[in-house]
Ligand code: HEC
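Numbering (mature numbering (1 follows the signal peptide of the UniProt record, and there is no 0)), first residue to last: -18 to -1, 1 to 107.
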């Protein structure tokens, strides 16, 4: 294989890799509490043990893998909770995204998840 092709392949690989989503454990813990109060009735306490679509697990990751966390956050914050869409505080929706990340096996860190950063992250591993 010639060198130019190798370089091109290298670039493609790099650009297809999204940054690993940053969130803190505290955000996920708060998100879990919001889930329990507002979402668990339909989505379950682990986000995959309710009657509504699973928000964690391989089928969820397959469905959402190519979308940004911003897409996910927009849909969630404008259509959920189903009984009163958009009713939660902005911070609560961010914490819910952190809990969704945790339940899908992403590791927490020291940098908090912020609304401004959602576009740069995906659920792709
Ligand atoms: C009364 C039941 C109910 C409650 C409460 C509820 N949901 Fe849902 N949710 C649903 C149903 C049913 C769907 C699938 C139909 C739809 O998309 O409208 C859904 C879909 C979703 C989706 C899209 C999933 C996908 O893969 O398309 C997300 C994200 C979501 N809910 C998040 C939440 C969050 C976060 C909360 C709590 C703030 C919440 N929901 C509360 C019933 C509920």
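Note that beta-carbon positions come from the ideal geometry of N, C-alpha and C, so glycine has one too.
Exposed or buried, what is residue i when buried is set at 16 or more other beta-carbons lying within 10 Å of its beta-carbon?
i	result
residue 37	buried
residue 48	exposed
residue 44	exposed
residue 13	buried
residue 64	exposed
residue 104	buried
residue 3	buried
Can you give me the C-alpha to C-alpha distance between residue i and residue j, rounded to a whole angstrom?
i	j	result
residue 50	residue 56	10 Å
residue 107	residue 75	22 Å
residue 85	residue 68	22 Å
residue 101	residue 94	15 Å
residue 18	residue 32	12 Å
residue 42	residue 60	19 Å
residue 62	residue 79	13 Å
residue 98	residue 72	12 Å
Is the closest heavy atom of the ligand HEC to the C-beta of residue i under 7 Å?
i	result
residue 95	no
residue 71	no
residue 45	yes
residue 20	yes
residue 105	no
residue 60	no
residue 67	no
residue 23	yes
residue 85	no
residue 9	no
residue 37	yes
residue 100	no
residue 88	no
*asked:* Closer than 8 Å is the cut-off here; do at least three beta carbon pairs connect the segment 15 to 27 with the segment 88 to 101?
replied: no
key: Length at least 4, wholly inside the segment 5 to 42: the alpha helix (DSSP H) runs in chain order   = 7 to 16, 22 to 25
- Query: Which full runs of the alpha helix (DSSP H) of 4+ residues lie inside the segment 60 to 99, going along the chain?
  - Reply: 72 to 85
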